[in-house]
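Protein chains in written order, with numbering that gives the first Met the number 0: chain A, 0 to 419; chain B, 0 to 458.
Backbone N, C-alpha and C fix where the C-beta goes; we use that ideal spot for every residue, glycine too.
Values in this document were obtained by computation on a predicted structure and should not be read as measured data.
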Amino acid sequence: MTKEQRLKKRYRAEKRFKMYGLISVSLAVIFVLILVQNIFSKGSSAFSRTMIEVAVNYDSSLLELEGPINQNSLKDADFYDLAVESLLKIYPAKDSKEERQILRLFSPDYEFEIKDFLIKNPNKIDQIVPVKITASDDIDQLNKGNFPRDLPEDRRRVSNYQLNIYDNLIEKEKIDKKFNNYLFTKGDSRDPELAGIGGSLMGSFFTIIICLILSFPIAIMASIYLEEFAPKNKITDFIEININNLAAVPSIVYGLLGLGILLSVMEFPRSTPLVAGITLSLMTLPRIIIPCRASLKAVPPSIREAALSVGASKFQTVFHHVVPLAMPGTLSGTIIGLAQALGETAPLILIGMVAFVVDIPSSPVDPSASLPVQVYLWSEQAERGFVEKTSATIMMLLGFLIVMNFIAVYLRQKFEKKWN
Amino acid sequence: MNSLIAGVILILCLSSYFFGRSEARKLVTQNIKLKALPAYYGYYLSLWCGLPALIIFGCWSLFEPTIIKVLILNNFPQIESKDLFYEQTLSFFNGNFSGEITNEIKAASIKYSSINIIAQNSKIVIIAAALIGSLTFAYRKIQNNNKARDDVEIILKVLLFTSSLVAILTTVGIIVSLLFESLKFFSTINIFEFIFGTSWSPQRAFVRDASAITPEELLELQDAFGSVPLFAGTAFIALIAMCVAVPIGLFSGIYLAEYASTKVRKYSKPIIEILAGIPTVVYGFFAALTVGPFFRTLGESLGLTVSSESALAAGLIMGVMIIPYISSLSDDVINSVPQSLREGSYAVGATKSETIKKVVIPAALPGIIGSILLAVSRAIGETMIVVMAAGLAANLTINPLESTTTITTQIVMILVGDQEFDSPKTQAAFALGLTLFIATLILNYIALRVVKKYREKYD
Numbered sequence: 000m001t002k003e004q005r006l007k008k009r010y011r012a013e014k015r016f017k018m019y020g021l022i023s024v025s026l027a028v029i030f031v032l033i034l035v036q037n038i039f040s041k042g043s044s045a046f047s048r049t050m051i052e053v054a055v056n057y058d059s060s061l062l063e064l065e066g067p068i069n070q071n072s073l074k075d076a077d078f079y080d081l082a083v084e085s086l087l088k089i090y091p092a093k094d095s096k097e098e099r100q101i102l103r104l105f106s107p108d109y110e111f112e113i114k115d116f117l118i119k120n121p122n123k124i125d126q127i128v129p130v131k132i133t134a135s136d137d138i139d140q141l142n143k144g145n146f147p148r149d150l151p152e153d154r155r156r157v158s159n160y161q162l163n164i165y166d167n168l169i170e171k172e173k174i175d176k177k178f179n180n181y182l183f184t185k186g187d188s189r190d191p192e193l194a195g196i197g198g199s200l201m202g203s204f205f206t207i208i209i210c211l212i213l214s215f216p217i218a219i220m221a222s223i224y225l226e227e228f229a230p231k232n233k234i235t236d237f238i239e240i241n242i243n244n245l246a247a248v249p250s251i252v253y254g255l256l257g258l259g260i261l262l263s264v265m266e267f268p269r270s271t272p273l274v275a276g277i278t279l280s281l282m283t284l285p286r287i288i289i290p291c292r293a294s295l296k297a298v299p300p301s302i303r304e305a306a307l308s309v310g311a312s313k314f315q316t317v318f319h320h321v322v323p324l325a326m327p328g329t330l331s332g333t334i335i336g337l338a339q340a341l342g343e344t345a346p347l348i349l350i351g352m353v354a355f356v357v358d359i360p361s362s363p364v365d366p367s368a369s370l371p372v373q374v375y376l377w378s379e380q381a382e383r384g385f386v387e388k389t390s391a392t393i394m395m396l397l398g399f400l401i402v403m404n405f406i407a408v409y410l411r412q413k414f415e416k417k418w419n
Numbered sequence: 000m001n002s003l004i005a006g007v008i009l010i011l012c013l014s015s016y017f018f019g020r021s022e023a024r025k026l027v028t029q030n031i032k033l034k035a036l037p038a039y040y041g042y043y044l045s046l047w048c049g050l051p052a053l054i055i056f057g058c059w060s061l062f063e064p065t066i067i068k069v070l071i072l073n074n075f076p077q078i079e080s081k082d083l084f085y086e087q088t089l090s091f092f093n094g095n096f097s098g099e100i101t102n103e104i105k106a107a108s109i110k111y112s113s114i115n116i117i118a119q120n121s122k123i124v125i126i127a128a129a130l131i132g133s134l135t136f137a138y139r140k141i142q143n144n145n146k147a148r149d150d151v152e153i154i155l156k157v158l159l160f161t162s163s164l165v166a167i168l169t170t171v172g173i174i175v176s177l178l179f180e181s182l183k184f185f186s187t188i189n190i191f192e193f194i195f196g197t198s199w200s201p202q203r204a205f206v207r208d209a210s211a212i213t214p215e216e217l218l219e220l221q222d223a224f225g226s227v228p229l230f231a232g233t234a235f236i237a238l239i240a241m242c243v244a245v246p247i248g249l250f251s252g253i254y255l256a257e258y259a260s261t262k263v264r265k266y267s268k269p270i271i272e273i274l275a276g277i278p279t280v281v282y283g284f285f286a287a288l289t290v291g292p293f294f295r296t297l298g299e300s301l302g303l304t305v306s307s308e309s310a311l312a313a314g315l316i317m318g319v320m321i322i323p324y325i326s327s328l329s330d331d332v333i334n335s336v337p338q339s340l341r342e343g344s345y346a347v348g349a350t351k352s353e354t355i356k357k358v359v360i361p362a363a364l365p366g367i368i369g370s371i372l373l374a375v376s377r378a379i380g381e382t383m384i385v386v387m388a389a390g391l392a393a394n395l396t397i398n399p400l401e402s403t404t405t406i407t408t409q410i411v412m413i414l415v416g417d418q419e420f421d422s423p424k425t426q427a428a429f430a431l432g433l434t435l436f437i438a439t440l441i442l443n444y445i446a447l448r449v450v451k452k453y454r455e456k457y458d
């Protein structure tokens, strides 16, 4: 091999090597894009809900009302017969089997939606009023185009008869989409069209608040102690080793801690944001202490020396000068730690937050789910409608994480002093 | 009631600050030279007012239910299921009990109400006594013009120290909770059967109560908890993940550190780090619903049978999740290799890639190995991806297209939903947790040591 050939070979190797690096970076970036695109394309349809317009005959004789008609008596009334009678009129049915199929076009809550409409508009009694009723999951998915129509009848969830009704309704322009407020206001449900993340949003909110209240002060105090006051001795070393190791312990171990100590020894209520918050704060604590210490360390010694030289005590130096200067870094570290806690699932599963909770929790000691756990729960469901719900939940979760991280970066860039 | 007491304590704290400060100012008018700023006398009084009362209040609230329970149950030694009986009593007392009301429940409930009143009253008395006592003590001190600032600072320092002890307490809590249940587990199941056994089927451990196991059942249980398939599955999925993450992560790190322009670096580094910020449940969802089925149809078209819960899908996605851990750390490590080493290499005519391969990487190797070890520990402790995308059945295989299970998956599967304590099955989860904890601890410890040694070398 001549000198020139060898040189060429070396340059080719150089190019190849650089190419490998470029390919790796692009692969990582492409993966982020694929993931985000996949979630968004699956989830965006969950923000709308298919409604079917039905002419409801609010016939007061079917309500068996006793006494005067007012909001209270309407609230107690049974609307089932009235609802069924109006719904069955949308299409001719031969027998009870077909009638059942018609009712299955609507979400199981049709009775209450019809009732709520009348309670809001009590003057409509004994009138025939067009009311929009939430469609069932199958019709919803059909209308959103997620449902293959050309399968043989026994392999799809919508029968030919129901398809005929659907096409007929489309022709009469009775089918319509609207913004899916149920997604944000309702709790969990077995029916995808009625399931919402209201409960898990509140659950996550309480969990994060408790986590913040517990971990932020302790983390700041611990890092001030370790960075400013701790003498160099065995105890300090031991604490530092502990913190570094705890930051790398798998999250599921914290779940076992919560289960073994908080639930079984201290008998805290299961499935509640309170236990979740405590467990997650134990997990977040070392992850906040590490950036807090780094930002305290970044404050130059000259600040401390200046304060000490004019007669401030060690505490006054730290609390009046060092801590305020380190605050932006501390806060952004805390927010990033909380963002990690918000996305954490495994420990919450172990402390029982996987319970099926329909009610929206109103306090941290009510059983509830949280956003990531909701993702896990819904992803196990077979119905097609839950896939878009899961993706929408992920979109909400990612949205919160992006906002939190953005605030953290902003705090750091805007307020942190650069010492040179 | 409790919130009322806490509120009263807090209000007293706040007002005693102002009281202490004004008392100190009064001292000034008497021509006494204060030993600290007046505000410190306020802090001093406030701390003395709040801390003892709050500590007593906290301990009391923590232990009161347990003590009352013991006191009541002591009166009913003949009751068999004590916990159930106590729960029934409580719900009867609160008026939401639906079920057969026995005389014992009534008697216990009356007892409960009387003990409760005693407890409430004595709590108030003791807290009030603590408040008055500590306030007079602190007030006397102030009147004597103590060194309020020094005293406040000592109290604060103790507080700071206590909060840094929380880290130790957490470690102790983890070890105690894991060890306690694991020891119970190993008292029924032979520890060597657990570590070396090759069949894992905890659902056979139908026995609810560990103390009621007959010898025949015990014999059958012994080989239901062989965790070798779990260790193998965990290692296998972690290996697949590392096969994805190490080359991509390492090359990204090298490219970002050595080749990329500042502009490329500025945008691509945060994007890669997004991968570390995405919750793992999202990866699990993606692996289970998109990647798994994709591999299965791909396999079908190639004539292969691919499980929809294949180890490949879970490992691949886990690898993607780990990329940023390796790329960021190796980027840092490579950046901290002194420039003089590179320049020396260029000076003798090496190309950039030769410099990287023969000079920079060997110099940065300890740091890179440390980052890979940290990534391995992350991979074996990772839960949600494998729970959602890997299999549930223990399956000793090295075919990446089949499904395998992992330690974390089994912990979740055992503990999800309601579970009885004291069943070998539940305890097995804690034993697995202990194994996981020890394994990750060793990996982290080695990794941190290696990285630290490396840092010291060049700093």
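Quick one: does A/Arg9 have its CB under 9 Å from some CB of chain B?
Along the first sequence, one-based indexing puts residue 9 of chain A at 10. A/Arg9 counts as touching chain B.
Considering only their Cβ atoms, is the gap separating A/Phe228 from B/Phe160 smaller than 9 Å?
Working through the second sequence from its first residue, we reach residue 160 of chain B at position 161. Working through the first sequence from its first residue, we reach residue 228 of chain A at position 229. Taking 9 Å as the Cβ cut-off, B/Phe160 and A/Phe228 qualify as a contacting pair.
Look at the alpha carbon of A/Glu343 and the alpha carbon of A/Ile234, and state the distance between them as a whole number of angstroms.
For this step, residue 343 of chain A is matched to residue 344 along the first sequence. For this step, residue 234 of chain A is matched to residue 235 along the first sequence. Going from the Cα of A/Glu343 to the Cα of A/Ile234 covers about 31 Å.
Which residue from B/Leu395, B/Ile126, B/Pro37 puts its Cα closest to that of B/Ile8?
Taking the first residue of the second sequence as 1, we reach residue 8 of chain B at position 9. Checking every option, the nearest Cα to that of B/Ile8 belongs to B/Ile126.
Indicate whether at least one CB of chain A lies closer than 9 Å to the CB of B/Gly248.
Within the second sequence, the letter at position 249 stands for residue 248 of chain B. B/Gly248 counts as touching chain A.
B/Leu329 and A/Ala27: beta carbons closer than 9 Å?
For the purposes of this step, residue 329 of chain B is taken as the residue at position 330 of the second sequence. For the purposes of this step, residue 27 of chain A is taken as the residue at position 28 of the first sequence. Correcting the residue identity first, residue 329 of chain B is Ser in this sequence and not Leu. By the CB criterion at 9 Å, B/Ser329 and A/Ala27 fall outside the cutoff.
First and last residue of the uninterrupted beta strand (DSSP E) at A/Asp175
Locating residue 175 of chain A in the first sequence gives position 176, where the first residue counts as 1. Here the beta strand (DSSP E) through A/Asp175 covers 174-178.
Proximal residues to B/Gly276 (C-beta, below 7 Å), its chain only, five neighbours per side dropped
One-based indexing of the second sequence puts residue 276 of chain B at position 277. Excluding sequence neighbours, B/Gly276 sits near nothing in its chain.
Since A/Ser250 and B/Thr65 should fall inside the 8 Å C-beta cutoff, what is the C-beta to C-beta distance between them, to a whole number of angstroms?
Position 251 of the first sequence, counted from the first residue, corresponds to residue 250 of chain A. Position 66 of the second sequence, counted from the first residue, corresponds to residue 65 of chain B. Actually they do not touch by this definition, with Cβ atoms about 29 Å apart.
B/Lys424 to B/Pro201, Cα distance in whole Å?
As a working mapping, residue 424 of chain B is identified with position 425 in the second sequence. As a working mapping, residue 201 of chain B is identified with position 202 in the second sequence. Each residue's alpha carbon lies about 6 Å from the other.
Put B/Thr233 into one of helix, strand or coil per three-state DSSP.
The residue you call residue 233 of chain B lines up with position 234 of the second sequence. Under the three-state reduction of DSSP output, B/Thr233 falls in the helix class.
Is the distance from the Cβ of A/Gly336 to the Cβ of A/Pro290 below 9 Å?
In the first sequence, residue 336 of chain A corresponds to position 337, counting from 1. In the first sequence, residue 290 of chain A corresponds to position 291, counting from 1. Yes.
Is it buried or exposed for A/Phe78, if we count other Cβ within 10 angstroms and need 16 for buried?
As a working note, residue 78 of chain A is residue 79 in the first sequence. With 16 or more Cβ atoms within 10 Å of its Cβ, A/Phe78 is classed as buried.
Counting only beta-carbon separations shorter than 9 Å, does A/Gln339 have a partner in chain B?
Residue mapping note: residue 339 of chain A aligns to position 340 of the first sequence, counting from 1. So, interface residue.
List, in order along the chain, the chain B residues whose C-beta lies closer than 9 Å to that of A/Leu245?
Taking the first residue of the first sequence as position 1, residue 245 of chain A is located at position 246. Under the 9 Å cutoff, chain B gives Ala166, Thr169, Thr170, Ile173.
Are any of the Cβ atoms in chain A nearer than 9 Å to that of B/Val375?
For this step, residue 375 of chain B is matched to residue 376 along the second sequence. Answer no: the Cβ-Cβ gap between B/Val375 and chain A never drops below 9 Å.
What span of residues does the alpha helix (DSSP H) with A/Val274 cover, start to end?
Translated into the one-based positions of the first sequence, residue 274 of chain A becomes position 275. Note, A/Val274: alpha helix (DSSP H), 272-297.
Closest Cβ-Cβ distance between B/Phe96 and chain A: below 9 Å?
Against the second sequence, residue 96 of chain B aligns to sequence position 97. Output row for B/Phe96: interface = no.
Out of A/Glu379, A/Ile401, A/His320, which one is the CA nearest neighbour of B/Leu288?
Here residue 288 of chain B refers to the residue found at position 289 when the second sequence is read from its first residue. Comparing alpha carbon positions, the residue from A/Glu379, A/Ile401, A/His320 closest to B/Leu288 is A/Glu379.
Is the Cβ-Cβ distance between A/Phe405 and A/Leu370 less than 9 Å?
Numbered from its first residue, the first sequence carries residue 405 of chain A at position 406. Numbered from its first residue, the first sequence carries residue 370 of chain A at position 371. Against a cut-off of 9 Å, the Cβ pair of A/Leu370 and A/Phe405 comes out as no contact.
Rounding to the nearest angstrom, what Cα-Cα distance links A/Lys123 and A/Asn56 in this structure?
Taking the first residue of the first sequence as 1, we reach residue 123 of chain A at position 124. Taking the first residue of the first sequence as 1, we reach residue 56 of chain A at position 57. The alpha-carbon separation between A/Lys123 and A/Asn56 amounts to approximately 9 Å.
For B/Ala234, which of B/Ile445, B/Thr407, B/Glu455 has the nearest alpha-carbon?
Along the second sequence, read from residue 1 onward, the residue named residue 234 of chain B stands at position 235. Shortest Cα-Cα distance from B/Ala234 to any of B/Ile445, B/Thr407, B/Glu455 involves B/Thr407.
The stretch 220-231 of chain B in contact with the stretch 186-197 of chain B per 3-pair CB rule at 8 Å
Short answer: they touch.
Within the continuous alpha helix (DSSP H) that includes B/Ile321, where are the two ends?
Here the question's residue 321 of chain B lines up with position 322 in the second sequence. Secondary structure note for B/Ile321: its alpha helix (DSSP H) is the uninterrupted segment 310-334.
Report yes if the C-beta distance between B/Ile524 and B/Ala310 is below 9 Å; otherwise report no.
In the structure as shown, chain B begins at 0 and stops at 458. Residue 524 of chain B is therefore absent and cannot be evaluated.
Checking the sheet assignment: what are the DSSP bridge partners for A/Met50?
Against the first sequence, residue 50 of chain A aligns to sequence position 51. According to DSSP, A/Met50 bridges with A/Thr133, A/Asp175.
Decide if the stretch 170-183 of chain B is in contact with the stretch 292-312 of chain A; the criterion is three or more beta carbon pairs, one per stretch, under 8 Å apart.
At 8 Å Cβ cutoff, the stretches do not touch.
Whether A/Leu420 touches A/Ile242 by CB criterion (9 Å)
This structure does not reach residue 420 of chain A, given that chain A is present from 0 up to 419, and the question cannot be answered.
B/Ser186 to B/Ile114, Cα distance in whole Å?
Stepping through the second sequence from its first residue, residue 186 of chain B is reached at position 187. Stepping through the second sequence from its first residue, residue 114 of chain B is reached at position 115. Between B/Ser186 and B/Ile114, the C-alpha separation is close to 39 Å.
Taking B/Gly348 as the reference, give the member of A/Ile164, A/Arg9, A/Glu84 with the closest Cα.
Position 349 of the second sequence, counted from the start, is the residue given in the question as residue 348 of chain B. A/Arg9 is the residue among A/Ile164, A/Arg9, A/Glu84 whose C-alpha sits nearest the C-alpha of B/Gly348.
In terms of residue numbering, what span does the alpha helix (DSSP H) encompassing A/Ser95 cover?
For the purposes of this step, residue 95 of chain A is taken as residue 96 along the first sequence, with counting starting at 1. In the DSSP annotation of this structure, the continuous segment of the alpha helix (DSSP H) that includes A/Ser95 starts and ends at 95-102.
Taking the beta carbon of A/Gln412 as the centre, do at least 16 other beta carbons fall within 10 Å, making it buried, or is it exposed?
Counting from one through the first sequence, the residue named residue 412 of chain A turns up at place 413. Per the 10 Å Cβ criterion, exposed.
Closer than 9 Å, CB to CB, is B/Arg148 near chain A or not?
Translated into positions along the second sequence, residue 148 of chain B becomes position 149. Closer than 9 Å: yes.
Use the C-beta contact count for B/Val124: other C-beta atoms within 10 angstroms, 16 or more gives buried, fewer gives exposed.
Working through the second sequence from its first residue, we reach residue 124 of chain B at position 125. The residue is exposed, with fewer than 16 neighbouring Cβ atoms inside 10 Å.
For a test of the three-state rule: what should DSSP assign to A/Phe355, helix, strand or coil?
One-based indexing of the first sequence puts residue 355 of chain A at position 356. Per DSSP, reduced to three states, the secondary structure at A/Phe355 is coil, with no helix or strand assignment.
Taking the beta carbon of A/Glu387 as the centre, do at least 16 other beta carbons fall within 10 Å, making it buried, or is it exposed?
Here the question's residue 387 of chain A lines up with position 388 in the first sequence. In the assembly as shown, A/Glu387 is a buried residue. Its beta-carbon has 16 or more other beta-carbons within 10 Å.
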